[in-house]
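The structure under discussion appears below in the form of structure tokens.
Residue numbers (this note's numbering): 167 to 524.
As structure tokens, this is what we get:
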């Protein structure tokens, strides 16, 4: 491509501060931004990033379609919500207009195993208009490519076990609420844990209805199986509340989480495969106490056993850099809803993004 890649940003919250700056610093440009928050509508994006004005102001969601048709971006970055049903409208708008889109929505990383109906709908629309929709972020490397790379150096694998923890304070209110942060034990049981106390058949019905609430690892396990060429036989999920012995204030929720109430949750997803390899992954998302820190730990069991630990990763920055570095892959991809396991490796970009676009 012999011009700068043109990007529109959906959502101008915590993550967008990084994605927008990274886009400019990788030699591309933000040509539009969209939000629902009256406090930011009409603001110059430079003010949000924390720099000089860029001459691009935030558009209200109701005017998004008109703006997108005017600025004609190559790709949209969607950093709003964690469930595919909640980003469906933004992604569908992009698909309808033939605009590529990449989202930090965690379910979007591999949505066909949790919401096949919306995935199919987006896939069909994107194929009609010739664009690509995908999900990426922290998990693309740290729960995905890192593990598949280690697998490539292993003779025989019997089990893959992973655990990742993160502070829900860093990601905004949608994520905190999805983790049950601030709920009493009874509320957590009713609103979060009860969803998974069902049979496989019942779960499949809920998935087909589009109402299933997957933990992040549900989609990660699906992605890993696809990347490693494994055939899923059974997948289960259970959620366990996390608590703390003292009250903790959450600035994201704007409330004090009382001692003994849920600060968040641990979700454990177990996948058994036809090839005899089990994947067991856990993500722990909660309001951190002063003693907690992010940790990502994976072990591949077999010949040989290998454990890799990433302590205190800068999860927000890594998420946003992964999104921006994936932009050329999305533009170059075949049309449809294409998950990143089909893109090949996620690479560091030394040159402006347009130089990687075929």
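Ideal Cβ positions, reconstructed from N, Cα and C, are used throughout, including at glycine.
Taking buried to mean at least 16 other C-beta atoms within 10 Å of its own C-beta, is residue i buried or exposed?
| i | result |
| --- | --- |
| residue 439 | buried |
| residue 228 | exposed |
| residue 221 | exposed |
| residue 400 | exposed |
| residue 187 | buried |
| residue 364 | exposed |
| residue 520 | buried |
| residue 208 | exposed |
| residue 289 | buried |
| residue 477 | exposed |
Mind checking which residues open and close the alpha helix (DSSP H) that includes residue i?
| i | result |
| --- | --- |
| residue 373 | 366-375 |
| residue 195 | Element bounds for residue 195: not the alpha helix (DSSP H) but the beta strand (DSSP E), 195-201. |
| residue 449 | Counting along the chain, residue 449 falls outside any alpha helix (DSSP H), though it belongs to the beta strand (DSSP E) covering 444-452. |
| residue 389 | 382-394 |
| residue 253 | 250-263 |
| residue 497 | 481-498 |
| residue 318 | Unbroken run through residue 318: none, as it is neither H nor E. |
| residue 355 | 351-357 |
| residue 521 | Segment: none, residue 521 is in no alpha helix (DSSP H) and carries neither H nor E. |
| residue 183 | 180-191 |
| residue 293 | 282-295 |
| residue 430 | From DSSP, residue 430 is part of no alpha helix (DSSP H) but of the beta strand (DSSP E) over 430-439. |
| residue 213 | 211-215 |
Kindly list the residues whose CB is nearer than 8 Å to the CB of residue i, restricted to its own chain and excluding five residues on each side of it in sequence; keep chain order.
| i | result |
| --- | --- |
| residue 446 | 325, 326, 327, 328, 434, 435, 436 and 437 |
| residue 498 | 522, 523 and 524 |
| residue 271 | 244, 246, 247, 248, 249, 250, 252, 253 and 301 |
| residue 306 | 275, 488, 492, 506 and 512 |
Give me, in chain order, the residues of the same chain whose beta-carbon lies closer than 7 Å to that of residue i; leave out the 5 immediate sequence neighbours on both sides.
| i | result |
| --- | --- |
| residue 338 | 179, 180 and 418 |
| residue 251 | 281, 284 and 376 |
| residue 394 | 314 and 317 |
| residue 415 | 422 |
| residue 296 | 264 and 501 |
Restricting to Cα atoms, I'd like to know which of the options is closest to residue i.
| i | options | result |
| --- | --- | --- |
| residue 486 | 517, 170 and 191 | 191 |
| residue 512 | 467, 267 and 304 | 304 |
| residue 358 | 370, 377, 371 and 366 | 377 |
| residue 507 | 401, 492 and 519 | 492 |
| residue 174 | 196, 265, 203 and 336 | 196 |
| residue 203 | 210, 295 and 226 | 226 |
| residue 176 | 194, 235, 189 and 200 | 200 |
| residue 374 | 427, 236 and 286 | 286 |
| residue 450 | 461, 218 and 288 | 461 |
| residue 320 | 236, 479, 288 and 443 | 443 |
| residue 215 | 409, 477 and 189 | 189 |
Excluding the 5 residues flanking residue i on each side, which residues of the same chain have their C-beta closer than 6 Å to its C-beta?
| i | result |
| --- | --- |
| residue 254 | 284 |
| residue 322 | 468 and 469 |
| residue 482 | 336 |
| residue 406 | 432 |
| residue 391 | 398 |
| residue 230 | 200 |
| residue 531 | Not covered by the structure: residue 531. The range shown for the chain is 167 to 524. |
Mind checking which residues open and close the beta strand (DSSP E) that includes residue i?
| i | result |
| --- | --- |
| residue 228 | Run containing residue 228: none; DSSP gives neither H nor E here. |
| residue 268 | 266-269 |
| residue 328 | 322-333 |
| residue 167 | First-last for residue 167: undefined, no H or E at that position. |
| residue 423 | 421-423 |
| residue 399 | 398-408 |
| residue 242 | 241-244 |
| residue 477 | 472-477 |
Distance check for residue j and residue i, CA to CA, integer angstroms please.
| i | j | result |
| --- | --- | --- |
| residue 261 | residue 167 | 21 Å |
| residue 515 | residue 232 | 32 Å |
| residue 458 | residue 448 | 16 Å |
| residue 141 | residue 472 | Here the chain comprises residues numbered 167 to 524, so residue 141 is not present and cannot be evaluated. |
| residue 372 | residue 380 | 11 Å |
| residue 388 | residue 452 | 24 Å |
| residue 466 | residue 298 | 32 Å |
| residue 474 | residue 312 | 9 Å |
| residue 346 | residue 425 | 15 Å |
| residue 368 | residue 169 | 51 Å |
| residue 247 | residue 340 | 6 Å |
| residue 257 | residue 245 | 11 Å |
| residue 441 | residue 382 | 23 Å |
| residue 265 | residue 310 | 26 Å |
| residue 504 | residue 496 | 8 Å |
| residue 429 | residue 463 | 21 Å |
| residue 421 | residue 334 | 14 Å |
| residue 241 | residue 351 | 42 Å |
| residue 211 | residue 398 | 44 Å |
| residue 342 | residue 423 | 12 Å |
| residue 183 | residue 500 | 29 Å |
| residue 194 | residue 455 | 38 Å |
| residue 509 | residue 494 | 10 Å |
| residue 330 | residue 185 | 22 Å |
| residue 205 | residue 366 | 45 Å |
| residue 385 | residue 279 | 7 Å |
Report yes if the C-beta of residue i is less than 7 Å from at least one heavy atom of the ligand ADP; otherwise report no.
| i | result |
| --- | --- |
| residue 218 | Looking at this structure, you won't find the ligand ADP or any other ligand, since it has none at all. |
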